[in-house]
Each structure stands twice: as C-alpha cells, then as structure tokens.
Amino acid sequence: MPQKTRWGKGGHTSLLSALKPKREQGVKIKPKRARVIGVFSCKGGVGKTTTVANLGMCLSQYMGDNILAVDANLTSPNLGLHFGEFIPKVTIHDALSGELPIEKVVMKCHGLLAILGSIAYGEEIHLVDLRGHLAPLKSEYKVILIDSAPGIWGEVTAAMKACDEIIIVTNPYIPTIASTLKTFHVVERYKVPVVGVIVNKVRGEPFELPIKDVKKALGWPIISVVPEDSKVREATAAGIPVVRYAPRSSAAKEFKKLGEFLIKRLRKG
Ligand SMILES: Nc1ncnc2c1ncn2[C@@H]1O[C@H](COP(=O)(O)OP(=O)(O)OP(=O)(O)O)[C@@H](O)[C@H]1O
Ligand SMILES: [Mg+2]
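Be aware that the sequence shown starts at 1305, since it is given in our numbering, and climbs by one per residue.
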C-alpha cells in the first residue's frame, strides 16, 4: 500500500516524476522556428510591397503576433508607406548599423508586426548578412515575410539567402515576364524553393499574356491572380492595406484567398 503523505497519493515518487524534465516524460516542447518567405521580382513596381502588406495583414488574422513582415528593400524601402508610416521611429537600418538590437526595431502597423526601413537612409548599402541579422528573430515568430528590392544583385541576393522559400510577383506583360525570368536565374543560383507566382495587375486586356502562357513561360504554379484594381492605389495612398481599406474589393478578395492558401500550406508543414 502506498503511504499517504502530505504530498498526496503516491508520496514523493509522484512529485519527483512530475518534476522530471519534460523530455524524459516523452513530451517534446517544440521551439518556434520561423519559416522565412520572401516576395521577389526583378522588375520594380509589380506589387511586391503591396503583396507583403496585404498578405501580412491576412496571415496576422490567423497567426496574430507570430508573423513578422520585414522590409528588406534597403536602398528604397517603402513597406512603411503602405501602412502610413512615413518616418518610422525605429528601422531595419538602426539594426544593420548596430545601433539597436534587431528585436528592438519591431513596430506594430495596423495590427501587423513589422520591421520597416528608413527612407532617409542615405549611405551606400554594402554587403549585408541579412540572414545573420534575422537569426535572433527566428525563435520569436512562426513566419517572417520579406519584402525585397527589385533587381538581382546586392540586397536582393542578401534577402534571398535569408529565405526558406520564395514567392515571385509578376504582371501579365511580356517585358515584365522577361525580367521575371531573370529572378528565376537567381533562384536557381541560391537553390531556394519557389512557392509559386502571383500575377498582379491583371486587367484582362487582349494584349496581356494569358495566365496559362505566363505559367508556361515561367514554369511554376500560379498561386494567385490579382486584378488591377484602383482600390489598391487608393489604399496605398491612404496608407492602409487594401484588405482593410476596401475588404470587399476584387483585389482584397484575391489577397485573402492567397492568405488562406498559405495558411493551409503552412499547417501542412
Ligand atoms: N492589383 C493592383 N491594382 C492596382 N494598383 C496596384 C495593384 N498592385 C499594386 N498596385 C500599385 O502599384 C504601385 C507599386 O506597387 P508596389 O509598391 O507594391 O510595387 P513593388 O514591386 O514593391 O515596387 P518596387 O520594386 O519599387 O519596390 C503602388 O502604387 C500600388 O498601389
Ligand atoms: Mg516595393
């Protein structure tokens, strides 16, 4: 008969087993390990930042503070503008220059945690180890969404090297598709898995490349087709992502669908 003590039934033995490290009890506590997803395109103005702002807002509805958006467009950052933050109090540049730890430059923008850039930063940007700089944040978040600069050199490759997978944004025009192919050369160089392609600003005009031809030309699945929608430009001017500014607009609906697609994908692991 187990002796009844002030420790309850089972005495010291049950207390001791409760104090055993969780691993010995067969329970593993998984540390957070952020999945870093980058949004890229060699061509400027296709909608990378619009995608990050809206996708970030959609994902934060499901994930709360487990998602972080990062402006990695170091030369010409503009993620802040999409949130009406013209002169952010703290920026990624403060962290890259060593003035502040990276954890201290996170801001809340319309409910989404984000690291913005300083538009005023005038120094030349040299080789940056973005992956190294973001490393301390990986245990704090489940997803880190990166907004990249256009082009294929310097800060773009630094951002790509920090990513676990990437999304490519393009528009349905032949010159843009041709530039997008260049982005895929960088992807091949760094062997980063591609989630798929977003075709943004689609008007459905006869001179646009049909979606099936965009897919054929790029060779990756099209994960979203976002219409050209004046509400997006209006939302950008207002500094509020369109999913919040005009949630019923056609573009907002597509961004929400994209968010749901990514959430399902993340849940599948
Ligand atoms: N679906 C859309 N319909 C209408 N306007 C759009 C759409 N997507 C983006 N825009 C507008 O296009 C402009 C450029 O978008 P954005 O800043 O996201 O491009 P970007 O690829 O990030 O540019 P950059 O390469 O310069 O960083 C913005 O004014 C934005 O409001
Ligand atoms: Mg941009």
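Beta carbons: idealized from backbone N, C-alpha and C, even for Gly.
In this text the structure is predicted, and so the values were computed from the model without any measurement.
With fewer than 16 other CB atoms across the displayed protein chains lying within 10 angstroms of its CB, Asp1517 is exposed. The alpha carbon of His1430 has as its nearest neighbour, out of Gly1458, Ile1419, Tyr1445, the alpha carbon of Gly1458. Lys1412 and His1437 have their alpha carbons spaced roughly 20 angstroms apart. Per the C-alpha coordinates, the member of Cys1362, Gly1348, Pro1479 positioned closest to Phe1559 is Cys1362. Unbroken alpha helix (DSSP H) stretches of 4 residues or longer found wholly inside the stretch 1491 to 1533: 1515 to 1522, given in chain order.
With a threshold of 7 angstroms, the Cβ atom of Asn1504 does not count as near ligand 2, since no heavy atom of the ligand is closer than that.
Here the alpha carbons of Gly1342 and Val1490 stand approximately 13 angstroms from one another.
Boundaries around Ala1462 are those of the alpha helix (DSSP H), 1459 to 1465, since no beta strand (DSSP E) includes it.
By the beta-carbon neighbour count (other beta carbons within 10 angstroms, threshold 16), Asp1398 is buried.
In this structure, DSSP gives Thr1474 an extended state, which the three-state scheme calls strand.
A buried status is given to Leu1449, since no fewer than 16 other beta-carbon atoms sit within 10 Å of its beta-carbon.
Note: Cys1362 is not bridge-paired with any residue in the DSSP secondary-structure output. Ala1376 places its beta carbon 8 angstroms or farther from that of Asp1433. Taking all protein chains in view, the Cβ of Ile1391 is surrounded by fewer than 16 other Cβ atoms within 10 Å, so the residue is classified as exposed. If you draw a 10 Å sphere on the C-beta of Pro1545, you find 16 or more other C-beta atoms in it, and that means buried. Between Lys1519 and Glu1538, the alpha-carbon positions lie close to 29 angstroms from each other. Around the C-beta of Pro1479, fewer than 16 other C-beta atoms lie within 10 Å, and the residue is accordingly described as exposed. Residue side-chain check: Lys1352 places its Cβ nearer than 7 angstroms to a non-hydrogen atom of ligand 1. In this structure, the straight-line span from the alpha carbon of Ile1396 to that of Pro1510 is close to 42 angstroms.
Apart from sequence neighbours up to five positions away, the residues of its chain that approach Met1367 with a beta-carbon distance below 7 angstroms are Lys1446, Val1447, ordered along the chain. With a cutoff of 7 angstroms, Gly1543 does not count as near ligand 1, since its C-beta is closer than that to no heavy atom of the ligand. In the structure shown, Leu1441 falls within a helical segment according to DSSP collapsed to helix, strand and coil. Annotation note: the stretch 1377 to 1450 contains the following uninterrupted alpha helix (DSSP H) runs of length 4 or greater, listed N- to C-terminal: 1396 to 1400, 1434 to 1438. In terms of Cβ geometry, Gly1360 and Ala1373 form a close pair [threshold 8 angstroms]. Bridge pairing for Asp1375: Asp1451 [DSSP]. Taking every protein chain shown into account, the CB of Gly1349 has fewer than 16 other CB atoms within 10 angstroms, so this residue is exposed.
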